[in-house]
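Asker: There's a structure below that I have some questions on.
Residue numbers (the working numbering): 14 to 67.
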């Protein structure tokens, strides 16, 4: 996630299929996203973003 993009995909025995892609924080982030209570937390050097997961 060094580019700040979040990629949603489906992994199957037949391969990988990208479903969507979104820029959620700036580039250069080295932290791992955290999932808790249906929310995905992503941070970079300047901000913390909380995304509600369906």
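Beta carbons: idealized from backbone N, C-alpha and C, even for Gly.
1. Just verifying my parser: in three-state terms, what is the DSSP assignment at residue 22?
2. For the beta strand (DSSP E) that residue 58 lies in, which residues bound it at each end?
3. Less than 6 Å between C-beta atoms, sequence neighbours within five positions excluded: which residues of the same chain meet that for residue 21?
4. Starting from residue 33, follow its DSSP beta bridges and name the residues at the other end.
5. Closest by CA to residue 39, which one among 48, 64, 63, 18?
Answerer: Once the coordinates are examined:
1. Here DSSP, grouped into helix, strand and coil, assigns residue 22 to strand.
2. Bounds of any beta strand (DSSP E) do not take in residue 58, whose DSSP letter is neither H nor E.
3. Hits under 6 Å: 32, 33.
4. In the DSSP assignment, residue 33 is bridged to 21.
5. Sorting 48, 64, 63, 18 by C-alpha distance to the C-alpha of residue 39 places 18 at the top.
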